[in-house]
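Just so you know, the sequences run in chain order A, B and C.
Going by my numbering, the residue at position 16 of the first sequence is 21; the numbering climbs one at a time, nothing skipped.
Going by my numbering, the residue at position 30 of the second sequence is 1034; the numbering climbs one at a time, nothing skipped.
Going by my numbering, the residue at position 38 of the third sequence is 332; the numbering climbs one at a time, nothing skipped.
We put the beta carbon where it would ideally sit given N, CA and C, even for glycine.
Model, not experiment: these values are computed from the prediction.
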Amino acid sequence: MDKLISLQAVQKTYKIKGGLIHALRGVDFEVAQGEFVALVGPSGSGKSTLINMITGIDRPTKGEVYVAGQRLTHMGEDRVAGWRGKNVGVVFQFFQLLPSLTVMENVIMPMTYAGTYSGRRQERALELLDLVDLVDVADKYPSQVSGGQQQRAAIARALANDPPLIVGDEPTGNLDSVSAGLMFALFEDLVAQGKTMVMVTHDKDLAGKVPRVQEVRDGLLLDSSEVDDRLLVRA
Amino acid sequence: MTSPFVITRNLVKHYDTPNGELEVLRGIDLELRRGDFAAIVGPSGAGKTTLLNMITAVDKPTRGEVIVGDKSVVQTPQPQLTKWRAKNIGIVFQFFQLLPTISVVDNIVFPMDYANVHKPAQRRDYALSWLARLGIEDQAEKRPDMLSGGQQQRTAIARALANNPPLIIGDEPTANLDRMSTENVFNIFQELADQGATVVITTYDRDIVANIPIVYELQDGKLKEIKSGKRMLV
Amino acid sequence: MNRSTFRKIWGDLWTRKGRTLLVSLSIFIGVVGVVTLITAGDLLVKQLQEDIQESELPMISMFVNVPPSVGDVALDNQTYITDLKAAFPDITAAEGEANNPVYWKFTDEGRFREARLFSYTQFFPDKVLEPMRLVEGEYPQPGQAQIAVEQRMAEDYDFEVGDVIDLRILGVEGIPTEQWTISAIVFHAYNDASSLAMYAPYDDAEMITGIEGINTLALRLTDFETAKTSREQMQLYWTENTPYSALFALAQDPAQNQALEGTKQFQQILSALAIVAMLVSGFLVLNVVSNLVTEQRRQIGVMKSLGATRSETFVIYAGIAVSYGLIGMIPGVLAGIPLGYEMAKIIGDFANTLIDSFEISVPAVVLGITLGLAVPIISSIIPVYFGTRVSILEAMTDLGLGGNYSIGVLNRWIKSLPLPLNLKQSFNNLVQKKARLALTVITLTLALTAFMGVSAVFVRINDVLQELLDQFEFQAIFETTESQEFEVIEALIMENVAGIKEVYPGSGSIVQLEGYVSPQSETNQVMVMGVVTDRGIDEDTFSEGRGWLDDPDRKGIVMSKEITKEIGKTVGDFVTISANGQSLDLEIIGILNFPYPINMMNWKDLSQFTGFTLGAPTPDQYFTAIAVEDYSGTLPASRMTAWGIGAQTAAYIELLDGAPLSPGKPGVMISEAAASNGDYAVGDEITVVAGACLETAAATLVSDSTDDCTATLPIVGIFALPAQMAEAQLPPDLVAFFWQDLATLEGISLEGKPVPNAFYVLSEDVDPNAREVDELIDQINDTLVDHGITASFINMVEISDMASDAILSIGIILNLASLVMAAVGAIGLITTLSIAVFERQKEIGVMRSVGAKSPTIIVQFLVEGVLVGILAWIIAAPLSVGLAWALTEILPFGDFIEFAYPPILLPFGFIGILIIATISSVWPSVSAARKTVSDILRYQ
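Here you go:
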């Protein structure tokens, strides 16, 4: 299949004391290689769950998930972790750099886990940091750099193993508008180089710049024509 | 005209960061009266939470004055503010901040116990009635980690209202709610405002403030009135 | 306090059941430790205080015996005691005790068993010193074939009043077996050998054991000072005025009874350890509560914003701490009460005390409750005070993962180390929470120090004991009840018992050493071992000098280091020892490396000196054959009977002519018959041949007057045969000499031939076990008894085993406290790591998101746990050496042991801590790895 991401009839139900939560109620979703998609929707709509399906962080109760040629549906945690390290770069809303490692060590981390670039990890890390203009803080610990710099470091980390897919969960949510803009430009650059990008966002302006916007509501995907303006915010 | 209930005068707040000084609030003047229902909009990171923290006396300004009711919040030492705040300000935090080891209804009774508001025997029933109004009475005995985001947010709102405070502050109080629930919450706020409370909320979502009488915009550290709406004119 | 306070406390306890259980468990362990150990000590001391009355204790215990050189003599103990009391009016009580082996069995059994038979110069209920208590039945009456049995022995063998057992009657010709009835069961608290103790009236006992005389004289005077100063004189008096010899005497202040003092010391040590164990669990609570308030920073802020003042928040967290205390303390006290009672009973066995009825030690319970509550409260005060100080703003500002991460020098240094990322993370994380790290390390260190320190002491004691016992290559020792010549015994045994490689003689005595004061007994009495000088002593044994290694016949004494240090002498110097009123100067020819104050001499020299001789002639009863040149009388071959007499007899014998023998002047007296048969008159000279010369001479005399055993002596008097001798129908040809002169003439020593008072048995089997040695002993005993010789035996292997067991048991008991601490330390580590896991969930989630698999995560936490363990060991190792040294100083038998730290403990402790750290880290690490990313990141 030529689609990088393919979700087929995916359902996700959580069991909690006192009932069931239907986070996803039967979702069909496809993303081709090189696409740039924004997922929008209110909290509880299921968009976080959807993203988690794509990254393998979560597994569907029913249905099939294929990403980057791999069937994730019944894979064990450890195998998924290993696959994810090589195939998906995840950028979180709150950066989530490991505070006990320097910026450069954080970028090297995924390479260590995946066993890639052996012997030239430092070199590659510096290349990536150069890409995001962070070479001069490579040796600093995350608590010693600004929020914008941390987020850029997170992106460099996401690119460590040159994954085909990059997933961002509100990647610019905690940045000021200038930094947010710079970040977005970087994303566009990566897509232009052939990477696939799926991004969750509340930011209407941002969503407006993304070629494809997919709305999620109540565990289902809405037809793009039904995108509700009220869900988006003018920056 | 009634006198203002919440006043800020030339409120300034700076932070020291590794990259230099950050000016979040650059001189905010605000006046709200009893019965006002106001929203402050602005992008994330603009300083909305900071401004609220000034009003709730959770944080202190670098310069300026904050008066709530007859209390100068800036000049009152923290320990004296604890009980006063509990009785007078109901806060809905951005990330709910429910106590995870007690049940939903116990979370709502908590501020009543500590502010010593309402008769002890009636506190639980009162809590349940709020839960009912917010549509989550069936979650009463559950612990917060068993609820969805939206349900947790509604619990947080109920808790803020438990002591019938004259000032209600909500930091993105409906961010996790669907449209119906959001409308419900705003109706409750309006009702409370009609009964004389002052309600101030913040949001990034400009579209939901359509029905809120007073709207300010916070941008680049300054406050701009967008909608002056209904104000109590007596 | 309001309902919400309780709900919050309860909610926290219930939601984190695991942590609640862990912390409460550690308090439980601490409280159980406290209550158990203090109860045990308390009950023991109370029992001893009940059983042992100060007024019933003797002040002097004199160990006496009748030296074999005295021979057969009638003993009148009552008179001797009365005389002693008259000579020393300060004596308020004097009682003699005979304690000898007795052989008994159940009627239907084949084999006899050995026990000890006690009898007293006073009838049992009349004993004032160390009395016994009649538990059941009636005291045995003399001549009624009745005996009494001590309660502990009765319990061991299930005796009841009225039971009949077989006894071997050693004092009767033919050694018959008789049936005796148990007429009473007694409780004798003062008897150390209670589990083997039987009692009989004095005369019955003499008959049963075949041994006459007492072996201990217990004395009490008006006060202890008088007793101390009179001790030597009383010893001397007893030796000079009775047939007995007072070998040595111990002065013991009743006010400071050894057993009681020793037990009290033991109790104090137990209590100290228990309290330290409790303190260690206090550290755990500190750790946990500190983590709790850190973890709940946000909640504290929220609660403040909801109206809870700082002190109200304080109450909440203190309440949680108190709850941990209650949950742990109540079962802890309940469990400790019966455990303490059981432990008291077990230790009681060692201390020869009988703890009968169940009792609750109130001080132990009170202390348990107090500590169980106080420790968590006090431990939590500081962390809760600081934790609740956080402002609402601080508490609720979420700065993502690394918000509170502080970078210091250590981090920069770690950055530069060439370590894998995993390890760098571990190091950095450890360094981050310095306070928590410190607390965990302290907890583990304390536990490890206590464990290694206490173990060190006991391993060392055991080693020393084994070293000591190894010095002696023999497996059994026995003493014959009556002195026997060594060759006789040796022949008997070697001919009749298989499996024996060698029997060799020895002796042992207590003598007085001039100029020495023993630190233990405050007297100048020392123990001297008589050894066979050409065997069994290694070169290594000597720290100076070479003893008999080069010359087994050398005269001299070998002394222990301790003693020579005390008297300030060394090899080549002379010392004076005295015993039995005699003194001897000896050269120090070697100094021993023993950790025990013991000395060695050639056994023959020692036996000679202490009067352990056989065959010394007894004046007036000394008859021997001699030949007189040119005499023919009643006996053939010129034989006459020589009579060795004492000074008194010489002075008072009925003379028919001449004068009595006079000391210093050579001469003999002859009997009337001899005078008439030989036609001798006063003034004539006769040539006497005796001893060895008698053999070499032919039937007729050929004398060589230059021989020592020939003498030409003038007749100084002619005497009438004393009546008894005439009646006895001895050949009337007698020549009377002073007995010393006769002995010299005969060439026998005035003192007689030295006999050993102990025989050492070396088995052919190089390393037999206790049972095998028992069998050998049985065979030896059978052989001896068949020849009319009785003996008492010591199985050295059994003793060494028992001593090892006893030492190790005590060691284990003391180590219980440190095991408690080790358990608490492990719990501390588990808790710390669990909390770390909980705190770093987001981190774990992130690691997984970028590709980390379970092993990576497990390893990270494992490494952190192990690093903490290693750090604890590094600190604990030197500390435990210090503790071991301190313990060796305090413990009573520590005086004998030179401090040494067994090096094996260091790697042992290291491995132990690695195991604890690994096990403690496994559960949190695995649970960390098991959390799926979605669990963690769900409500981001």
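Could you check the C-alpha separation between R313 (chain C) and L106 (chain A) for me, to the nearest Å?
29 Å
Test item: CB-CB of Y974 (chain C) and G938 (chain C) under 8 Å
no
Below 8 Å CB to CB, which residues in the same chain sit around G696 (chain C) once its five sequence neighbours on both sides are set aside?
Low confidence applies here, because G696 (chain C) scores a pLDDT of 49, under 50, leaving its location unreliable and the question unanswered by this model.
Please list the segments of the beta strand (DSSP E) lying wholly inside the segment 1157-1194 of chain B, counting only runs of 3 or more residues, in order along the chain.
1171-1175
Assigned secondary structure, T1080 (chain B) (DSSP; H/G/I helix, E/B strand, else coil)
coil
Counting only Cβ pairs nearer than 9 Å, list the residues of chain C close to Y1208 (chain B).
Simply none; closest approach about 17 Å.
Could you check what DSSP says for W1134 (chain B) in three-state terms: helix, strand or coil?
helix
So that I know if they touch, is there some Cβ in chain C lying closer than 8 Å to that of A1201 (chain B)?
no
Partners in chain C for G90 (chain A), counting only beta-carbon separations shorter than 8 Å
V1144, G1145 and A1146
With 16 other CB atoms within 10 Å as the buried threshold, where does Y1019 (chain B) fall?
exposed
How is N393 (chain C) classed by DSSP in three states: helix, strand or coil?
strand
Against chain B, which members of the segment 593-624 of chain C pass a CB distance test of less than 9 Å?
Q593, G595, V596, M597, K598, S599, L600, G601, A602, T603, R604 and E606
So within the segment 504-559 of chain C, which uninterrupted alpha helix (DSSP H) runs reach at least 4 residues, ignoring any that extend past its ends?
518-535
To which residues does DSSP link E430 (chain C) through a beta bridge?
C:I479
What number of angstroms, rounded off, separates the C-alpha of I1207 (chain C) from the C-alpha of L759 (chain C)?
29 Å
Can you list, in chain order, the residues of the segment 555-589 of chain C whose Cβ is nearer than 8 Å to any Cβ on chain A?
none
DSSP three-state assignment for Q1299 (chain C), whether helix, strand or coil
Absent from the structure is residue 1299 (chain C), since the part of chain C shown begins at 295 and ends at 1234.
In chain order, what residues of the segment 1177-1202 of chain B put their CB closer than 8 Å to some CB of chain C?
none
Pick from C:E773, C:L1165, C:S812 and C:P632: whose alpha carbon is nearest that of T1084 (chain C)?
C:E773
Nearest to A1144 (chain B) by alpha carbon, out of B:G1154, B:G1153, B:T1159 and B:S1152?
B:T1159
Which class does E454 (chain C) belong to by DSSP, given the choice of helix, strand or coil?
coil
Range covered by the alpha helix (DSSP H) that runs through M204 (chain A):
Unbroken run through M204 (chain A) is the beta strand (DSSP E), T201 to V205; no alpha helix (DSSP H).
Can you tell me whether V996 (chain C) is buried or exposed? The criterion is at least 16 other CB atoms within 10 Å of its CB, across all chains shown.
A caution first: V996 (chain C) carries a pLDDT of 45, below 50, which makes its placement in the model unreliable, though a value can still be read off. V996 (chain C) is exposed by the Cβ-count criterion.
List, in order along the chain, the chain C residues whose C-beta lies closer than 9 Å to that of R1158 (chain B)?
Chain C residues near R1158 (chain B): none, gap ~15 Å exceeds 9 Å.
Using a beta-carbon distance below 8 Å, is A1136 (chain B) in contact with chain C?
no
Can you give the Cα-Cα distance for Q429 (chain C) and P361 (chain C), rounded to whole angstroms?
As written in the sequence, residue 429 (chain C) is Val, which differs from the Gln given in the question. Taking the straight line joining both Cα atoms gives about 37 Å.
Quick one: residues in its chain with C-beta nearer than 8 Å to the C-beta of D228 (chain A), no 5 flanking neighbours on either side, listed in chain order?
none
Classify H482 (chain C): buried if its beta carbon has 16 or more other beta carbons within 10 angstroms, exposed otherwise.
buried
Would A86 (chain A) and R1142 (chain C) qualify as a contact pair, given that the criterion is a beta-carbon distance under 8 Å?
yes
Straight-line Cα distance separating D210 (chain A) from L724 (chain C)
44 Å
DSSP three-state label for Q778 (chain C), please.
coil
What does I1095 (chain B) touch in chain C if you count any residue whose Cβ is under 8 Å from its own?
S599
Please classify L25 (chain A): is it buried, with 16 or more other beta-carbons within 10 angstroms of its beta-carbon, or exposed?
exposed
Short check: CB of A1042 (chain B) to CB of L1036 (chain B), under 8 Å?
yes
Check whether the segment 670-689 of chain C touches the segment 640-659 of chain C, counting contact only when three or more Cβ pairs, one atom from each stretch, lie closer than 8 Å.
no
6 Å CB neighbourhood of P1169 (chain B) in its chain, flanking five on each side removed:
N1092, I1093 and G1094
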